[in-house]
Structures are given as C-alpha cells and as structure tokens.
Amino acid sequence: MGIHYTSIFPFKFPLMKSTTYSFWRLLVLSCGMLWTALLQAQPIYETHWTSASDPDFSSGTAGSVTTRTLDLTCGQIGLSVTDPVNAPLPAFNAYQLNPVDTAGNPVTDLSGNLRIYTRVRSRDSVRLALLLRSGGGSSSERSDRVEFVVPGDTASWTELMFVFNASNVAGFDSTDLLDLWFYLDRGDENFAGNGFYFDYLSIGAPPAADSLSPCFPEAMPLYLLHWDGPSDATFTGSGGNALTQVLDTACSQLAVSVTDPVGAPLPAFSALILNPQLPAGGGDLTDLSGHMSFHLRVRSRDSVTLGLLLRAADGSAAFRTSRLEQVVPGDTASWTELTYTFDSLSLGGFDSTDLRDIWLYLDPGEDNFAGNDFVFDYFAIGMAPGPETFSLCPVDTTTDPVDTTDAVQYAVHFDRSSDPLFSGSAAAALTQTIDTACSQLFLSVTDPATTPWNGTSPIIVNPLDTAGNDIADLSGSMQFHLRVRSRDSVELALQLRSGDGSSAFRTSRISQTVAGDTLSWTELTFTFDAGTLGGFDSTDLRDIWLFLDYGTDNFAGNAFWVDYFAFGEKPAASTHSACSLFPPFAFPWVLHWADSTDGILGGSESVKYTQTIDTACSQLGISVTDPVGDPHLAFKPIVLNPLDGFGNDLSDLSGQMRFLVRVRSEEAVELAMLLRSGDGGTGSRTEIVRQMVPAGLDQWTELTYTFTGPDLGGFDSTDLRDVWFFLDRDEANFPGNAFYFDYISIGSAPPAEDNSTCVLSVSNEAPFATAGVQIYPNPLVSGQPLNLRLNAGIPGVLDLSLLDGQGRQLARTQRPYRSGSQELRWALPALARGLYLLRLTSDGGQQTLKLRID
998 MGIHYTSIFP
1008 FKFPLMKSTT
1018 YSFWRLLVLS
1028 CGMLWTALLQ
1038 AQPIYETHWT
1048 SASDPDFSSG
1058 TAGSVTTRTL
1068 DLTCGQIGLS
1078 VTDPVNAPLP
1088 AFNAYQLNPV
1098 DTAGNPVTDL
1108 SGNLRIYTRV
1118 RSRDSVRLAL
1128 LLRSGGGSSS
1138 ERSDRVEFVV
1148 PGDTASWTEL
1158 MFVFNASNVA
1168 GFDSTDLLDL
1178 WFYLDRGDEN
1188 FAGNGFYFDY
1198 LSIGAPPAAD
1208 SLSPCFPEAM
1218 PLYLLHWDGP
1228 SDATFTGSGG
1238 NALTQVLDTA
1248 CSQLAVSVTD
1258 PVGAPLPAFS
1268 ALILNPQLPA
1278 GGGDLTDLSG
1288 HMSFHLRVRS
1298 RDSVTLGLLL
1308 RAADGSAAFR
1318 TSRLEQVVPG
1328 DTASWTELTY
1338 TFDSLSLGGF
1348 DSTDLRDIWL
1358 YLDPGEDNFA
1368 GNDFVFDYFA
1378 IGMAPGPETF
1388 SLCPVDTTTD
1398 PVDTTDAVQY
1408 AVHFDRSSDP
1418 LFSGSAAAAL
1428 TQTIDTACSQ
1438 LFLSVTDPAT
1448 TPWNGTSPII
1458 VNPLDTAGND
1468 IADLSGSMQF
1478 HLRVRSRDSV
1488 ELALQLRSGD
1498 GSSAFRTSRI
1508 SQTVAGDTLS
1518 WTELTFTFDA
1528 GTLGGFDSTD
1538 LRDIWLFLDY
1548 GTDNFAGNAF
1558 WVDYFAFGEK
1568 PAASTHSACS
1578 LFPPFAFPWV
1588 LHWADSTDGI
1598 LGGSESVKYT
1608 QTIDTACSQL
1618 GISVTDPVGD
1628 PHLAFKPIVL
1638 NPLDGFGNDL
1648 SDLSGQMRFL
1658 VRVRSEEAVE
1668 LAMLLRSGDG
1678 GTGSRTEIVR
1688 QMVPAGLDQW
1698 TELTYTFTGP
1708 DLGGFDSTDL
1718 RDVWFFLDRD
1728 EANFPGNAFY
1738 FDYISIGSAP
1748 PAEDNSTCVL
1758 SVSNEAPFAT
1768 AGVQIYPNPL
1778 VSGQPLNLRL
1788 NAGIPGVLDL
1798 SLLDGQGRQL
1808 ARTQRPYRSG
1818 SQELRWALPA
1828 LARGLYLLRL
1838 TSDGGQQTLK
1848 LRID
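Going by the numbering used here, the first residue of the sequence shown is number 998, and it counts up by one from there.
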C-alpha cells in the first residue's frame, strides 16, 4: 500500500501461513506462557548482527542484488533491493544463511533443536518463508517451507517462531544442516516495501530478552502518500482536472503536467486539492494536532514556486492558513526535499482538529506552470519518511542536446509522461505506450483486422521548444536521428513539410530499413540535402511525417519501439534506454478470461451465441441466444484467433501441438476441434479430434487435444490461421445450451491454482441464487470490510469461509439472511496481498469465488 499510518498497536503477533504446520497449536498456551517455557532452554546458535563477522545474506543471486545495511550499534541488519527496476530480486530466489559457531565452524547438528526464532520488521506487509537444507541441498534433502506474514510496520518488531517437525521436515537431515533459505514475498519479483530488518536469528530457543536490539524502530509520519499503490490518491479540484496525472507505482512517483496549456490552461490561482484518508476506508483524516509540518520530495523541469495552504470547517477564507511558498529549482537530475511548518503566525483561522483539505499551487498567480513537467516522490504529514522509502528510479541525469551553434537542437527521449506522442489520422489506429522507466515509446496497431493501419498515411511530429512553442526554423539542423527496434523487418520513412503542407512545400521521402530484431536497437540518421529538400523551406517547418512500411496496410510485426527522436545533434550514448530487450513469445499460451479485455470466440455463427465473460470466476459462458428462431447450424464452428503479447496473430506452433481445455456443460456434449493454416482450405487443415464433455455444471473436465501423425493432415504448424471448435458438430444447437470454458491453453496446462473454482449448485431449492451472489470491492484493500450482495428465495444461514490458495481456512463466519435482495458485510482479518478463495455454503449448495487482496 502507498499510504502508511502510525501504528496504535504496540505488539504484533502474526498469523502463520504454512502448508505443513498449523499455527493454532501455538495458541494452546498464552503468548507469555509459551515464551517463558521456551526461555528455559538455551539456543545452540544465535546471531544479533553486533559484529562485522556476523552472516550478512551475501551469498547467491538474492544477496548480489541486495543492499545489506549492518548496524552494529543497534544490532540489526537491513535488506533492500538495490535496483528493483533494472536488477530486481528474482521471484523465487532465497537469501542464504550459513550458521557458524564461535570457532568459525559450520553449525550442522540441529537434533532436537528444530525451532528457529527471529525478530523482524518491514515497511510493508511481507511473506517471510524459511526452509532448511541438508546434504548437497537438492530438493530431496530439504524441509518444506514454513511461512509467516510480517505486518507492514516499521514502528514495532514482530517475533516469529518457525517449527519443523515430522509433518514438514520432509527430506531434511537434522544432523547435517547445509544452510537456511529465507524468502521475502516468494513468487513475486522484489518484495513489498523494499525495507526489511532482522534483529536476531536463534536456533533451538529464543535469546535472552536483554540481548534484543536496544534501538526503538523509527517513528512513522501521521500520513504518508508514496504513490506506490494503484489506489493512491491523485489531485482533485479545478487545478487537478486541468492536469494529466501519471501514477508510476514501479517508481513510487506521480508526474503532473497541464494537459492542454493553450486550449485549457491551469488557471492562475487554481489549487491541486488533496484529501488525506484514514486506512482501511476509515474516512477523512481530520485531526492534525501536534503534526503541523508537511514534507514533500519533488523535482521539476523548470524552476517552479510550490505553494501550500490548509483549510478547515467550511473551507472559507476565515478557516484557512496562510499560503506558504517555496521554490523548486529547475533540475530533472535531482530531487528537492521541502518542509512546510505552520506556526502561530501562519495558522490564521485554521483549526488543526478539523482538516477539510490541503491545497497545493504550482506557480500561483500564473496560468500553467514553468516547464510543464513536475514529479512528486512523497507527501508526508508530521515528519519526513526515511531515505529507504524514497523513489528508487534513476532521475534524468542528462539534458537534451546542448545548442553549441546557432542550429536548433531537439530531442525527445520518452522518459517523461508528458513527452509528445505521434499525432495524425493514422495515429488514431495505434496504441502508443510511453515507458518512462525504460525511456521508450511502444507502437502497435490496436486492431489490425477491424481498424487497420493505413500504410500511406503518416504519423506526425510537431516539435515544441521548452516554452511550448512550435519549432519552425531548422536552419543548420537538417539531420534527424532515431534509435528504434522492431519485431519484424520494417521500412521507416521520413518527410518534412513547410508552408501550407502541400506537395510543393515538402522534401522527398527518405527511407531506411529497420531489421526484425527485438533484442537489439538500430540507430538511424536521415540527412536532407539539396537533392532531397525539394520545395521545403527550412525556416518554416510545418510538421514531420513518418511512415512505417509505406503503401502497406498495418506494418510487419506490429511491434515497434522508439528510444529517441532528435534533430540537430545526435543524443549521447549515456541517454540511451538501459532496459533489457524482449525475447520471442514463450509458451504456454493461455486464455483464462480473468480480465474483461480477454476475447470472446468468433466465426460467422458466433453472432447467434450469448457469450458472457465472468472475471470473478475466470470463465466464459456460451449459450445459443434463440435456439428455435435462430439456431446455431450444424457443422459450423466457433473460432479462436490466438494473439501474442504484442497483439499479433500467434502463428508458429512448432513443438507446441497440444491444446488443453477445461470445460463444463449442462448436458453431455461432444467438443471437437481442428486447426487451420495457410488459406484455411481443406488441404491445410488437421483432422477433427473429438472428445466428450460429461453432463454437470457442478464439475469441471480437463481435456487434451494432441495433433500428431495422421491427425496433422495438411496443417503447417508454423503458419496457424485459426482454431475451430465444434459443439455437437453434426447437429443444430447443442444439448443443454449451457457451456463454460475455464481456460484454453496451448503447449501445457496453466498452474492448478489459476483454475476457476466456480461451479453451479446442484440443489433445486437453493435458498439464494448462488450464481447471482456478488462480492465487492474486488480487489479489496486489506482491512476493508467485504460486502456481499444476494437475492434469497427463503430465509436461511450463510456459512462463509476464507481460504488461501492452498485451500487452508483462514477465517470463517455465519450470517443469517432474509428472503429478498440484501447485502451482508464481513470484517476480514488483515491479509497479505494475493489471491484468496471465498466459499459460500447454505442449505442450497456451495459456491466458491475468487477474492484478490491489494
């Protein structure tokens, strides 16, 4: 989460999440009684990070991408990923610890001491897992993983006990310890918050209380907005409405620019309004008593005055502070930290117990603001956050090419959200995505089939100077530079227009070829001389035209990247995009209907179907809309056109001739399948492969279609055209008229935990309509209550169980309900981010829904 608050709970005790050990055994004794009993034993090993020789988790890939901060005075070690964007912590990499005794010899014998104790804290909620390795460390010589959720709270420590016994020790030999493996948010790149601390690690028994870190964890701001979560607040009001606000959660920053400085400018005294919120939907933050300092970390393209005032009560002038102002220097290469403190002279009529909202101004008194590029890293109340919370993304340490002559210099690097996109009628057919972290622009035709790219129409550049004015005079700057890459070989052409833009005022069109290679960049220079200038007037530029595969609808590969576009001087190599490039598509290909943008099935007969995407259940439902008046005809397919990650047709299935589907049907039905290549004619198809789907909407059936040998027919596996499915091919319509796909996969099956858990109740007298139960919000922020909306036929009792991805029950409640439409509310416990299952049971049956926690 991007908003953090000072904890009011001084003691943290986490819930254990493990496939092999139930934490509820620990609750037989009170926490105090349990710890007292354990303290009677002595550890066989303990480290407190009070010596430079203490283990520092430096081994392995995880250690190599991590900054480890050893604080000998406090007796703690801090872990943070050094460069989460360019060198992330891989999803399944562990931190390795090798215990040694006082003589420097490895600790190997844990016989009778299979309890591991630690004391930790974390900036955000993190899953901490531990496994033990023996022998050579192979999978057959390891314990199972034991996992806890460490709450996000840097203001208090959490003490954990990992217990290994017969149920989870697996192949680990307790007499031959090799090392301990710790995971932080295993399965995710990096870990939440990127700030994790160990106080001690002890084996066999907890250490003495007087050996704990003497340092009290740092306090937290009353309110901290980091822009590292998708639901983090943006600015509202007339000022906020005039802005384009780009939330970059990977970099923990918010970039703002005036959307249309000419047609819809930011008015001179219009404020950007912020309404701080309490956690977990607790409403507005109103009481600032004792916290009247405000802290920001910002940067700006040009020098900008940033003003701040507070409003209370009805917000009128009588209930406001004075407006405090500070100047942010024009410098995109470094951040500026600001503190605004309101005292008796500046408080005015503001009531610190009744905050209404916070107003910020960019260059108050002026329309728009200088530079039109301003970035926030954090906004905090009460105190500034620690440096470990700062945005980790590199700032722009370079400038656009310097004008060392009278010639105009221009370069756009796509490292700012406000950088210009291509315009023109052809651009309307494109998806254009600026990746500021990688400093690149991605282009693809949004819908090549329905709205194709017109190959004779250009995409247009209208270069502006730093003041937002058109650049017209190109005298001495007639060299144009691009750094690009493309999935397939593409011809890139460039043409300049002056005057009224007609053909008499244009240059020739100059073309160069970009090789089809997503793994390397191509640098191009287009030079216009006397032979290519034509009627173009270099002192009167109108615009710049670019063409991709001129004369051909769409363009080859449909995936094109631009690192920079410049004229005058060529940008220095230090400004180039530093991001890794992308390999070819990797199987399996999976369609899961977990997103509303996932496609439905096509074909000429598809118009006769009602197709319903249910993202909560990750399924596609199919039925013939009017079986009597407009039946689905026999022998007619429904058609799938798989697309790759760039929106292009997936054509090469070499070595991937297995199709897997997971389906259910009201009645038994034959599901047949064939593949087409080339022109789709009978000579370029596979044979039809048929399988039966049993009757029953209360169960899923997994089917595998393998095309080999005679089944391949004339099909070319390197040139897939489309996939045909038939429901009861030889008959009109299909039995039951209710059919569901969970997934369609090519190559191999998706992970079982991604499977839909939704089935239809088999009861004929369900007291509520299970198919109609709705849960919201979904995704849910941890700490928010969950709402259920249902329509019941008769009164009853609803049993609710919350399960993790392995089916373990985390919480349970029972709620009575009446007949008719109604809503129920359930206050869930604090949960780590991830996917959970909600099981609903009543006399009428059972339904399971997916619930995501953000």
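Even for Gly, the Cβ is constructed at its ideal location relative to N, Cα and C. Note that the structure is a prediction, hence the values are computed from the model and not measured.
- A check of alpha carbon separations from residue 1352 across 1365, 1382, 1286 and 1294 identifies 1286 as the nearest.
- Uninterrupted alpha helix (DSSP H) stretches at least 4 residues long and entirely within the region 1602-1687 do not occur.
- A direct Cα-to-Cα measurement between residue 1819 and residue 1671 gives close to 47 Å.
- Only exposed fits residue 1464, as fewer than 16 other CB atoms lie within 10 angstroms of its CB.
- One thing to note: residue 1335 has its Cβ no nearer than 8 Å to the Cβ of residue 1319.
- Under the DSSP assignment, residue 1061 falls in the alpha helix (DSSP H) whose first and last residues are 1057-1061.
- If the five residues before and after residue 1312 are omitted, its C-beta is found closer than 6 Å to the C-beta atoms of 1353, all from its own chain and listed in chain order.
- In the structure shown, residue 1707 adopts helical secondary structure according to DSSP, grouped into three states.
- Inter-segment contact for the region 1256-1265 and the region 1288-1308 is absent: fewer than three beta-carbon pairs are separated by less than 8 Å.
- Per DSSP, residue 1304 is not a residue of any alpha helix (DSSP H); the beta strand (DSSP E) it occupies stretches across 1301-1309.
- Residue 1537 and residue 1496 do touch by the CB rule: their CB atoms are close to 6 Å apart, below 8 Å.
- Residue 1719 is bridged by DSSP to 1673.
- Closest by C-alpha distance to residue 1228, out of 1437, 1623, 1235 and 1243, is 1243.
- Nearest Cα to residue 1207 within the set 1196, 1523 and 1774: 1196.
- Residue 1788 has 1818 as its beta-bridge partners, per DSSP.
- The alpha-carbon of residue 1089 is positioned some 11 Å away from that of residue 1126.
- By the criterion of a C-beta distance shorter than 6 Å, residue 1597 is surrounded in its chain by 1608, once the five residues flanking it on both sides are discounted.
- Counting C-beta pairs closer than 8 Å gives fewer than three between the region 1069-1080 and the region 1148-1157, which falls short of the contact rule.
- For residue 1363, no pairing in a beta bridge is given by DSSP.
- Annotated as distal: residue 1785 and residue 1834, with beta-carbon spacing of 8 Å or more.
- For a cut-off of 8 Å, the C-beta gap from residue 1631 to residue 1726 is around 7 Å, short enough to register as a contact.
- Contact check between the region 1557-1570 and the region 1476-1486: three or more CB pairs, one atom from each, fall below 8 Å, which counts as touching.
- The region 1141-1205 is shown to contain whole beta strand (DSSP E) runs of 3 or more residues at 1143-1147, 1150-1160, 1174-1181 and 1193-1200, in chain order.
- Collapsing the DSSP output to three states places residue 1411 in coil.
- The C-beta of residue 1165 has 16 or more other C-beta atoms within 10 Å across all chains shown, which makes the residue buried.
- Our two residues, residue 1112 and residue 1203, have alpha carbons roughly 9 Å apart in a direct line.
- A direct Cα-to-Cα measurement between residue 1600 and residue 1586 gives close to 21 Å.
- If you draw a straight line from the Cα of residue 1809 to the Cα of residue 1658, it comes to about 33 Å.
- Taking 8 Å as the upper bound for CB-CB distance, residue 1847 and residue 1825 are not in contact here, some 14 Å apart.
- Using a C-beta cut-off of 8 Å, the region 1041-1051 makes no contact with the region 1186-1193, since fewer than three inter-stretch Cβ pairs fall below that distance.
- Closest option to residue 1652, judged by alpha-carbon separation, among 1628, 1545 and 1584: 1584.
- For residue 1235, there is no enclosing beta strand (DSSP E); the enclosing alpha helix (DSSP H) has its first and last residue at 1234-1238.
- By the Cβ neighbour-count rule, residue 1516 is exposed, with fewer than 16 other Cβ atoms within 10 Å of its own.
- Distances from the CA of residue 1342 to each of 1317, 1327 and 1328 were compared; the closest alpha carbon is that of 1317.
- By the criterion of a C-beta distance shorter than 8 Å, residue 1137 is surrounded in its chain by 1168, once the five residues flanking it on both sides are discounted.
- In this structure, residue 1501 lies near residue 1532, with their beta-carbon atoms less than 8 Å apart.
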